[in-house]
Amino acid sequence: MGRFEEYKEKMEARIDEWQADLEKLKAKARVAKADAKLEYKDEIDEMEERLAKGKAKFSELKEKGEDAWEDVKENLDETLDKLSDKLQNFWARFKDKDEEPEELA
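In the working numbering, the protein residues as written are 261 to 365.
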């Protein structure tokens, strides 16, 4: 397997993982206290937008193929690294707040 195929598989796995992480965050946000829900919704919306951009760049990478993938790779890496940082920071803050679901409050 060449470098292009390895990179493509790695990015596909990361995108799937981030999609799953976002779904988990949305589920937790649904049971957060009312004032936190708005904050979380805005941030989750932003992360979903970043993920959509990453998916679009990944599609571009696959379309360009092995000959031109290096041109797209740097931009894709940057976009997805920002998403990863945002997800990690958000998840840490969410855990730090130790939100109690409304139905238990």
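Note that CB positions come from ideal geometry on N, CA and C, so glycine has one too.
Exercise. Spatial neighbours of G262 within its chain, please: CB distance less than 8 Å, with the 5 preceding and 5 following residues excluded, ordered by chain position.
Key: E326
Quiz item: Considering only the beta carbon of each residue, do L282 and I304 sit closer than 8 Å?
Solution: yes
Quiz item: Given a threshold of 16 other Cβ atoms within 10 Å of its Cβ, counted over all protein chains shown, does A365 qualify as buried or as exposed?
Solution: Residue placement at A365 is poorly supported in this model, since its pLDDT is 32, which falls under 50; the coordinates are not used for a value here.
Exercise. Rounded to whole angstroms, what's the CA-CA distance from K333 to L321? Just pull it up for me.
Key: 7 Å
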